[in-house]
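Asks: Here it is: the structure, laid out below.
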Amino acid sequence: MSRSITVDEVAAAPDSGGTDYINATKGVWSWLTTVDHKRIGIMYLVSVLTAFALGGFFALLLRLELLTPKHTIMSADTYNQAFTLHGVVMVFLFIIPSIPGALGNFFLPIMIGAKDVAFPRLNLLSLYLYWIGAIFALSSILSSGLDTGWTFYVPYSSTTNTAVVNVTLGAFVLGFSSILTGLNFIVTLHKLRAPGVGWFKMPLFLWGLYATSIVQILATPVLGITLLLLVFERTLHIGIFDPALGGDPVLFQHFFWFYSHPAVYIMILPGMGIISELIAVHAHRKVFGYKAIAFSSVAIALVGFLVWGHHMFVAGQSELASTIFSFLTFLVAIPSGVKVFNWIGTLWGGSISFKAPMLFALSFLFLFTIGGLTGVFLGMLSVDMHLHDTYFVVAHFHYVMMGGTVTAFVGGLHHWWPKMTGRMYSEKLAVLSCALYFIGFNATFFTQFLMGSRGMPRRYYNYLDQFQPLHAFSTFGSWILGAAFLVMLYNLLNSLKNGERAPKNPWGGLSLEWETASPPVTENFVHVPHVEHGPYDYAATVARRAS
Amino acid sequence: MTNTPIELGSFWLPKQSSTVAPQVDQAWNAVYWVAVFFFVLVVTGMVVFSWRYRRKKEGEVTSDVDHNTALEVIWTLIPLGITMGLFTLGLRGFINASVAPADAIEIHVTAQKWSWSFTYPNGTTTAELGVPKDKPVKLVMSSTDVLHSLYVPEFRIKQDVIPGTYTTLWFQATEAKEVALLCTEYCGTGHSDMAAKITVMEGPKYLEWLDANGDGADKPPAERGKSLFTTKSCAGCHSVDGTRVVGPSMKGVFGKMEDLADGTQVKVDENYLRESLLNPNGKVVKGYQPLMPSFQGQLKDKDIDAIIAYLKTVN
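Protein chains in written order, with this note's numbering: chain A, 28 to 574; chain B, 27 to 341.
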């Protein structure tokens with residue numbers, strides 16, 4: 028292992044404060060063997076964005092196919108494989124690892140004034156497990172195909188001739204990557220906070236990651252067990268889920284959603300954390316209801332374990348079970364609503380600047396509110412009978428997962444890009460991409476609420492002619508959405524070469540990452556930071572500066 | 027794909043063509059207006075505050091107010107109250123849609139990749155569903171391969187169809203017309219073409235239609251079940267007049283609560299009867315020995331359907 032510079036040596040170095048983490052060592056090998064959380068974060072970032080591009084490409088193909096009923100550009104079997112690939116890639120390779128793996132790894136240690144995560148080598152291992160799982164799953168999907176949908180429902184998945192076993196093993200390995208990251212974050216937050224960083228002096232992004240980590244550790248093993256049982260059933264013909272072998276297909280759904288519903292919170296909680304940062308920093312305002320936001324993250328994580336049955340109101344579970352799950356589902360809606368009110372409250376009395384990250388944060392509030400409220404429709408037992416497995420559900424979870432998590436992720440990426448890369452992107456292009464994104468997103472997905480409530484089932488290759496105009500509108504929207512990402516990609520990549528040098532603190536933030544250089548040195552801080560104020564004490568800071 | 031379109035009743039929803047639909051739509055309307063209210067509230071707050079508190083110069087002093095307990099309690103409790111109301115409203119419609127009236131016409135539905143078949147009380151089997159208007163119809167459904175789901179947008183009903191288990195669904199159509207029936211659980215290549223037409227007819231017309239579609243070769247399930255009950259030697263151990271032989275009597279057995287040997291209770295329904303034929307010693311009635319052989323492999327699904335249909339008539 029190469030020798031790393033110690034904090035004392037950096038402190039002794041003249042003025043510059045040491046080498047930034049990007050130029051600390053050179054060469055591909057130095058990246059592949061690094062234990063620096065920032066480099067691991069960057070490698071996660073590149074990986075998840077690659078996965079997002081792949082998943083997005085398949086989404087555009089699907090939308091193109093749905094431009095007309097029956098055959099447009101592909102056969103029914105290809106369509107079934109394309110939506111499966113879109114779902115598997117977006118869920119397992121992009122959205123679950125996205126924010127924790129990329130932004131969490133990079134900023135969690137810096138925000139608490141630590142040098143690294145608690146287990147740096149374990150951190151590298153989880154990145155490698157992610158790569159192994161991803162390559163394994165993707166190569167099997169691309170070589171022999173997979174047509175089960177990302178949910179792997181039995182008995183379809185125990186009888187189809189596609190690559191179920193390989194892909195589930197890939198997902199199994201990916202699960203370990205997720206568990207190890209969660210474990211690392213929890214230990215880091217408990218043990219490595221710098222002097223003065225109490226639990227309630229942590230930026231709210233970290234509360235979001237903390238709640239996420241709890242879910243990752245507790246829920247992911249259940250997915251692992253379920254997928255292994257599915258593999259046993261397929262390879263050894265042990266009857267667990269397939270009724271032909273004496274199993275119970277509804278049992279699979281219970282197991283699957285016991286993980287996959289909490290996984291929804293793995294996907295959204297870090298995004299909610301980012302939004303708290305963006306709004307507070309760009310409004311220069313103390314967060315309204317810090318503790319309410321922090322505790323509601325934990326509440327969502329815990330109650331989120333008890334609502335999996337709302338995916339199964341019409342799946343053949345007992346009416347009593349459905350009733351209880353519906354009731355608990357309404358309870359979990361409350362903490363999410365409270366967060367939205369608190370964010371609006373944080374705008375009140377602020378000094379709001381409308382830079383690109385803030386525009387993404389405001390877009391999030393708009394889109395996530397729609398996503399959350401339409402979830403209430405689906406939680407109502409009688410209404411769900413009509414809406415279950417229609418495009419209404421597709422629209423709902425895209426408003427939450429994309430309108431929520433992806434918007435927050437992209438907003439956070441713009442917010443922290445200067446810190447991560449040391450370069451400023453073009454503000455004009457960033458605003459343009461945000462506008463295209465907002466318009467394209469709503470055109471694509473709001474249309475789908477209408478299709479769903481009018482009775483258009485999901486996962487349909489062919490459809491009733493009456494839905495054609497709405498499908499076409501949604502497809503046009505997807506092109507605007509695609510253009511938004513091209514502009515964004517160009518803007519960010521271009522900044523690496525031609526962007527202005529980023530200052531230490533472009534947005535006037537008060538959390539610790541803004542006190543170190545852009546990009547940070549390998550050790551994050553030249554001296555162990557001495558924390559005097561909370562991450563959101565803007566009023567006090569302005570008063571102090573004035574005096 | 028059937029060409030029967032879904033007729034719209036409003037901007038958002040299909041026409042209401044069953045007795046369940048108005049209740050579902052009442053719940054939809056309630057949650058719709060609640061959602062519109064909160065959406066407008068949030069977006070108005072966002073826009074007004076963004077404009078009012080936009081940054082006019084650097085170094086502005088911002089509010090230090092970091093909570094307001096009264097306000098936070100209010101904005102937690104009011105939504106909680108509203109959601110509890112919505113929960114109750116959703117539950118009401120769901121209970122109504124879950125419990126079929128006792129006098130419902132029972133039609134058996136078999137789903138397979140990628141078609142539906144419907145068997146009527148007189149033994150007739152059809153690929154499209156015909157039902158009488160203003161009469162409750164109960165569907166007892168099972169699949170021969172993978173999961174499917176029966177969905178009728180204009181009736182607002184949906185239920186997954188599962189291999190190895192019966193699920194049920196009921197409706198009462200309110201208008202003589204054709205409506206679309208769709209599959210809403212992904213089942214492979216032909217999933218989106220697994221549709222059927224439901225023809226709702228006036229009572230007398232329904233009976234004529236049923237006669238015209240009868241193939242005559244099959245006896246009604248209950249009659250087939252009666253002969254199977256003898257030919258498969260069920261009658262050797264189970265009486266139909268209430269006398270105790272080796273096993274429990276079948277008199278009035280359907281719908282009864284039975285005490286089991288392990289101390290629990292079970293309701294005798296389609297699933298319990300099916301299970302008792304295939305795995306008879308899994309749930310043995312209290313006071314009897316686990317002696318019955320399994321009929322796994324000896325009875326086809328259709329035979330089991332028939333025996334169950336017969337047992338429902340033994341009173």
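The beta carbon of each residue, even a glycine, is placed where N, CA and C say it ideally should be.
None of the values given here were measured: they were computed from a predicted structure.
Between the Cα of F472 (chain A) and those of A:M483, A:L539 and A:V421, spot the shortest distance and give me the residue it belongs to.
Replies: Ranking A:M483, A:L539 and A:V421 by Cα distance to F472 (chain A) puts A:V421 first.
Asks: Leaving out the 5 sequence neighbours to the left and right, which residues in its chain are closer than 8 Å to I139 (chain A) when beta-carbon positions are compared?
Replies: Closer than 8 Å at Cβ, skipping near neighbours: T215, L216, L219, R220, A221, V224, M229, L233 and L539.
Asks: Please decide whether M72 (chain B) counts as near chain A, where near means a Cβ-Cβ distance under 7 Å.
Replies: True, the Cβ-Cβ gap to chain A drops below 7 Å.
Asks: Which residues, in chain order, does the region 201 to 226 of chain B contribute to contact with chain A at a C-beta distance below 8 Å?
Replies: Result list: A206, L208, C209, T210, E211, Y212, C213, G214, T215, G216, H217, S218 and D219.
Asks: Tell me the residue span of the beta strand (DSSP E) that contains L94 (chain A).
Replies: Where L94 (chain A) is concerned, there is no enclosing beta strand (DSSP E), given that its DSSP letter is neither H nor E.
Asks: Using a Cβ-Cβ cut-off of 6 Å (strictly less than) and excluding sequence neighbours within five positions of A243 (chain B), which residues of its own chain qualify?
Replies: With a pLDDT of only 42 at A243 (chain B), under the threshold of 50, the placement of this residue in the model should not be trusted; the figure read from the coordinates follows. Correct list: empty, nothing qualifies.
Asks: Starting from E296 (chain B), trace the beta strand (DSSP E) in both directions and tell me its first and last residue.
Replies: Looking at the DSSP string, E296 (chain B) is not in any beta strand (DSSP E); the run it does join, the alpha helix (DSSP H), is E296 to L304.
Asks: Taking only three categories from DSSP, how would you classify I131 (chain B)?
Replies: Strand.
Asks: Indicate whether at least one CB of chain A lies closer than 7 Å to the CB of M27 (chain B).
Replies: Because M27 (chain B) sits at a pLDDT of 47, beneath the cut-off of 50, its placement in the model cannot be relied upon, and the point is left open.
Asks: Measuring only between beta-carbons, confirm whether Q185 (chain B) sits less than 7 Å from chain A.
Replies: Yes, Q185 (chain B) counts as interfacial toward chain A.
Asks: Taking F197 (chain B) as part of the beta strand (DSSP E), name the residues at either end of that continuous run.
Replies: T193 to Q198 is the span of the beta strand (DSSP E), which, as asked, contains F197 (chain B).
Asks: Cβ of L317 (chain B) less than 7 Å from any chain A Cβ?
Replies: Judged by the 7 Å Cβ criterion, L317 (chain B) is not in contact with chain A.
Asks: Which word fits W335 (chain A), buried or exposed, when buried means at least 16 other C-beta atoms lie within 10 angstroms of its C-beta?
Replies: W335 (chain A) should be labelled buried.
Asks: Could you tell me whether the Cβ atoms of G149 (chain B) and K245 (chain B) are closer together than 7 Å?
Replies: Cβ atoms of G149 (chain B) and K245 (chain B): closer than 7 Å.
Asks: Indicate the three-state DSSP secondary structure (helix, strand or coil) for G216 (chain B) in the structure shown.
Replies: In the structure shown, G216 (chain B) sits in coil (DSSP, three-state: anything other than H, G, I, E or B).
Asks: Between P384 (chain A) and I301 (chain A), what straight-line distance do the alpha-carbon atoms span, to the nearest angstrom?
Replies: For P384 (chain A) and I301 (chain A), the distance between alpha carbons rounds to 10 Å.
Asks: Along the chain, where does the beta strand (DSSP E) that runs through D186 (chain B) open and close?
Replies: Note, D186 (chain B): beta strand (DSSP E), I183 to V187.
Asks: For L34 (chain B), which of B:K139, B:F181 and B:G190 has the nearest alpha-carbon?
Replies: Answer by Cα proximity: B:F181.
Asks: I need the straight-line Cα distance from V325 (chain A) to A238 (chain A), nearest angstrom please.
Replies: Each residue's alpha carbon lies about 5 Å from the other.
Asks: Starting from the C-beta of V62 (chain B), find all residues in its chain whose C-beta is less than 7 Å away, skip the five residues before and the five after it, and write them out in chain order.
Replies: Within the same chain, V62 (chain B) has no close Cβ partners at all.
Asks: For G128 (chain A), which option in A:L207, A:N551 and A:H311 has the closest C-alpha, if you only look at C-alpha atoms?
Replies: When each option's Cα is compared against that of G128 (chain A), the closest is A:L207.
Asks: Would D241 (chain B) be called buried (16 or more neighbouring beta carbons within 10 Å of its own) or exposed?
Replies: Unreliable placement is indicated for D241 (chain B), whose pLDDT of 44 sits below 50; no coordinate value is reported for it.
Asks: Provide the residue(s) that pair with D285 (chain B) in DSSP beta bridges, ordered along the chain.
Replies: BP columns for D285 (chain B) point to B:Q291.
Asks: Do L195 (chain B) and I183 (chain B) have their C-beta atoms closer together than 7 Å?
Replies: Yes, these two residues count as a Cβ contact at 7 Å.
Asks: Report the rounded CA-to-CA distance for F404 (chain A) versus R481 (chain A), giving the unit in angstroms.
Replies: Each residue's alpha carbon lies about 14 Å from the other.
Asks: Give the straight-line distance between the Cα atoms of D51 (chain B) and F419 (chain A), rounded to the nearest whole angstrom.
Replies: Straight-line Cα distance between these residues: approximately 15 Å.
Asks: In the DSSP assignment, what are the bridge partners of Q138 (chain B)?
Replies: Paired residues: B:S141.
Asks: I'd like the list of long-range same chain contacts for G71 (chain B), defined as Cβ closer than 8 Å, with 5 residues on each side in sequence excluded.
Replies: Counting only Cβ-Cβ distances below 8 Å, and skipping sequence neighbours, we find nothing.
Asks: Since V407 (chain A) contacts L115 (chain B) with CB under 8 Å, what's their CB separation in whole angstroms?
Replies: Rather than Val, the amino acid found at residue 407 (chain A) in this sequence is Met. That pair is a contact at about 7 Å.
Asks: Which residues in the same chain as H337 (chain A) place their Cβ atom closer than 7 Å to its Cβ, once the five residues preceding and following it in sequence are excluded?
Replies: F352, S353, T356 and G406.
Asks: Using 7 Å as the limit for Cβ to Cβ distance, is W38 (chain B) near chain A?
Replies: It does; some Cβ of chain A falls within 7 Å.
Asks: Please state if the CB of Q49 (chain B) and the CB of G119 (chain B) are separated by a distance shorter than 7 Å.
Replies: Cβ atoms of G119 (chain B) and Q49 (chain B): closer than 7 Å.
Asks: For M478 (chain A), name the three-state secondary structure that DSSP assigns.
Replies: DSSP places M478 (chain A) in helix when its eight states are reduced to three.
Asks: Have a look at the DSSP bridge pairing and note the partners of L176 (chain B).
Replies: In DSSP, L176 (chain B) forms a bridge with B:Q185 and B:C209.
Asks: Just to confirm the assignment, what range does the alpha helix (DSSP H) spanning L236 (chain B) have?
Replies: Taken as a continuous stretch (DSSP letters only), the alpha helix (DSSP H) holding L236 (chain B) covers G229 to N239.
Asks: Measuring only the C-alpha atoms, how far is R312 (chain A) from F395 (chain A)?
Replies: Roughly 22 Å separates the two Cα atoms.
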